[in-house]
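Following: one structure in structure tokens, then a few remarks.
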Amino acid sequence: MGEFTVKIYRVVSAMTNRINPGFLAEFKVAKSKLLIAFSLLSIFLFPSLSQAQPDQRIRKLLNQPESRKAIYAIHFCDPETGRTIFAHNKDMPLIPASNMKLITTSTAFDSLGQNFVFKTVFALQKSNLVILAGGDPLLGDPVYAAEKNRDIFFIFEQILDQLRKRNISTIPGDLIIDDFLFDDERFHPAWPIEQANRWYAAQVSALNFNDNCLDITMTAAVQQGNPGKFSILPETAYVKIVNQSKTIKTGANTTWAARPVNSNSITIKGAIRNQHTFNVTIERPSAFFGHILAEYLLKNGIAINGKLIIKEVRNSQALQDQQLDIIYVHQTPLKDVLTRANRDSLNLAAECLFKTVGAWQVRSGQFVQDDSQTPAQPQRGSWETGRAAVSEFLKKLNVESGQYVIDDGSGLSHDNRLSPRCITSVLVQMFNNPHFDIFRGSLATPVAGTLKKNSRFSESTYRDRIHAKSGYVKSAWALSGYCRKSNGDWLAFSVIANKGSISQTRAIDQIVREMMK
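Just remember that my numbering sits 78 ahead of the position in the sequence shown, which is counted from 1.
Okay, structure coming up:
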């Protein structure tokens, strides 16, 4: 861009490290005196038809050849009291995959409170335009934008509108981004480096856009063997693209994008036959956001004459001492971030939650409650401070330290370990939270999220009877949440399987089905 020079500085400061009653009633189903009497009678006269039967059926499943090759840990309990209903290796910590998100989202919900909002502040500072990043993972998120009936550029539209209302046609100075709410370790050291270009391993920043990915749409050329045609969203000069794709007339699409570490030079490779879209992660999301904002404003008649600078603006002095004239504050409710993390298993949402609880926790174990328009001064959000915050939450629930190892917030790291009883302890805590309906609403069901996407529990009989979080990373499968038995009783549960030579998803689902009978 001729009018806008990108020159990025990251100035490190020395002060671093400084129930809805109606819904609850649905779960707490009252039993008639006749049903209680019959249940007690069946326990004494027909024990094999009561508690023993699910136990036997599940253990039979675990003895199937495909299941014996895996290690299973299981816990079903009463969500009101935590009383065990069925258990198998319940205290054994295993790789939880994306079930780690249940721990992260519960920590955020319990610690930050149901009214917490992610705030991204835009302000004028003399001749500069300043962005104070608040860790919001859903800026430009396409799924969230569609649910809100707006496009991914909504936030840029709001800034443009506010500048026009002030009759501002030029930003004489710089575009300054303060993304220091989080540290600058954007890619977790335990994540597979060979997966760094995949959307689920996108870099984590206090300022994000479009899930920190570039969407590439390919179409075939007229002549076989010629490079395919491509378009990108967002359209930006922030990246350099080399097109090495080839058009084919028969066969499957195999196009993909390669991006070297620490680079935004992207090479499109593979064969293209039919139009299709894929994505690739980008390097340094904060600069990505800033560059697209500058391009958007320029396209609409407002130029930024200076540079893009990433430096700390928030410091020990009050924000008003920084002479900031706030023009727009974008807010995203915590509950919406919980939903993208749990229902849809968006790793970026979980990792931003993880670093956010790390940022707002103070050393006493209490959490900063921010009700002002602009955030107070937190400590730096990092994977280290996130681990401390989550551990503090589990300690409060009296979960023994040997039942968990916390490494990241999404479960992508193979270094995480959770026991089923650790997970159900958290689920019980959430069930008894006065605002449990918000947390329950963040989970996947047979008609929404990952359960629907993978056609799990798709029979009509399960439609309103399971709210859960699925999980998978290499050699680890998990499903945890709440399920309702045929008699109306709800259970909190966690089923984790590690190792094994084939997918354990079918066996896990069957175990849950047996308990729902």
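For every residue, glycine included, the Cβ atom is placed at its ideal position computed from N, Cα and C.
Within the same chain, show all residues whose beta-carbon is closer than 6 angstroms to that of GLY559, passing over the 5 residues directly before and after it, in chain order. Closer than 6 angstroms at Cβ, skipping near neighbours: LEU521, HIS545, ALA546, LYS547.
Just mark THR159 as buried or exposed, buried being the case when its beta carbon has 16 or more other beta carbons within 10 Å. A residue is called buried once 16 or more other Cβ atoms fall within 10 Å of its Cβ, and THR159, having fewer, is exposed.
My parser needs the beta strand (DSSP E) runs of 3 or more residues fully inside the region 205-267; what are they? Listed in chain order, the complete beta strand (DSSP E) runs (minimum 3 residues) inside the region 205-267 are 206-210, 253-256.
Quick check: the region 267-279 against the region 193-205, are there 3 or more CB pairs under 8 angstroms? Here the region 267-279 makes no contact with the region 193-205; the two share fewer than three CB pairs at distances below 8 angstroms.
Can you list, in chain order, the residues of its chain whose CB lies under 8 angstroms from that of CYS291, leaving out five sequence neighbours each side? Contacts found: TRP277, ALA280, ASN357, VAL358, THR359, ILE360.
Measure from the alpha carbon of SER491 to the alpha carbon of each residue in LEU140, PHE154, ILE136, MET178, then state which is nearest. MET178
Would the beta-carbon of GLY306 fall within 8 angstroms of that of ILE350? With respect to ILE350, GLY306 sits close: the two C-beta atoms are nearer than 8 angstroms.
Which listed residue (VAL282, TYR316, GLN588) has its alpha carbon closest to that of GLY213: VAL282
Is LEU113 helix, strand or coil when you go by DSSP? Because the pLDDT of LEU113 is 38, which lies under 50, any placement of that residue in the model is unreliable, and the number read from its coordinates should be weighed accordingly. Helix at LEU113.
Do GLY459 and ALA427 have their C-beta atoms closer together than 8 angstroms? no
In chain order, what residues of the same chain have a beta carbon less than 6 angstroms from the beta carbon of PHE509, not counting five sequence neighbours either side? Counting only Cβ-Cβ distances below 6 angstroms, and skipping sequence neighbours, we find PRO157.
In the region 501-540, which residue ranges form an unbroken alpha helix (DSSP H) of at least 4 residues, counting only runs that do not cross its ends? 514-519, 528-531
Would you give the residue range spanned by the alpha helix (DSSP H) that TYR374 belongs to? 363-377
Through-space distance from LEU386 to HIS369, alpha-carbon basis: Here the alpha carbons of LEU386 and HIS369 stand approximately 8 angstroms from one another.
Helix, strand or coil at ALA349 [DSSP, three-state]: Annotated three-state conformation of ALA349 is strand, per DSSP.
The region 326-339 / the region 403-414 touching (three or more Cβ pairs under 8 angstroms): no
Using DSSP with H/G/I as helix, E/B as strand and the rest coil, what is MET178? helix
Among residues of its own chain, excluding the 5 on either side of MET593, which ones have a beta-carbon nearer than 8 angstroms to its beta-carbon? PRO132, ILE136, PHE154, ILE163, PHE164, CYS561, LYS563, LEU569, PHE571
Below 8 angstroms on the Cβ atoms is my guess for GLY487 versus THR417; work out the distance and round it to an integer in Å. With 8 angstroms as the limit, GLY487 and THR417 do not qualify as a contact, their Cβ atoms being about 15 angstroms apart.
Does DSSP put TRP461 in a helix, in a strand, or in coil? helix
Which same chain residues, not among the five before or five after LEU112, have their C-beta less than 7 angstroms away from its C-beta? Legend: pLDDT at LEU112 = 36, less than 50; position of this residue unreliable, value from coordinates given subsequently. Cβ contact annotation for LEU112 (same chain, cutoff 7 angstroms, sequence separation greater than five): none.
ILE319 to GLU272, Cα distance in whole Å? 20 angstroms
Under a three-way DSSP split, which group does LEU543 fall into? Per the sequence shown, the amino acid found at residue 543 is Arg instead of Leu. Looking at ARG543 - three-state DSSP - the assignment turns out to be coil, as it is neither helix nor strand.
Run of the beta strand (DSSP E) containing PRO143, from where it starts to where it stops: Counting along the chain, no beta strand (DSSP E) covers PRO143; the unbroken alpha helix (DSSP H) around it starts and ends at 143-146.
For ARG562, name the three-state secondary structure that DSSP assigns. strand
Looking at the secondary structure, which residues open and close the beta strand (DSSP E) in which THR159 lies? It is not in any beta strand (DSSP E) - THR159 carries neither H nor E in the DSSP assignment.
Could you pull out every residue in the same chain whose Cβ sits closer than 6 angstroms to the Cβ of THR528, ignoring the five residues on either side in sequence? SER423, ALA522, SER548
Taking the straight line between their C-alpha atoms, what separation do you get for PHE187 and PHE517? Straight-line measurement puts the Cα of PHE517 at about 8 angstroms from the Cα of PHE187.
Find the nearest neighbour of GLY251 within the set PHE194, ILE380, ILE181, judged by alpha-carbon distance. ILE380
Option nearest ASP587 by Cα separation, candidates ALA556, VAL483, LYS577, GLN457: ALA556
Have a look at ALA115 and GLU470 and give me their C-alpha separation to the nearest angstrom. With a pLDDT of 40 at ALA115, under the threshold of 50, the modelled position of that residue is not reliable, and the figure given next carries that caveat. Rounded to the nearest angstrom, the two C-alpha atoms are 43 angstroms apart.
Quick check on the DSSP output: the alpha helix (DSSP H) that includes THR434 runs from which residue to which? 425-438
Looking at the structure shown, is PRO411 part of a helix, part of a strand, or coil, going by DSSP? Correct three-state label for PRO411: strand.
Are the CB atoms of ILE173 and ALA554 within a distance shorter than 8 angstroms? Cβ distance < 8 angstroms, so ALA554 and ILE173 count as in contact.
In terms of DSSP beta bridges, what is ASP293 paired with? LEU311, ASN357
According to the neighbour-count rule (16 or more other Cβ atoms, all chains shown, within 10 Å of its Cβ), is ALA315 buried or exposed? exposed
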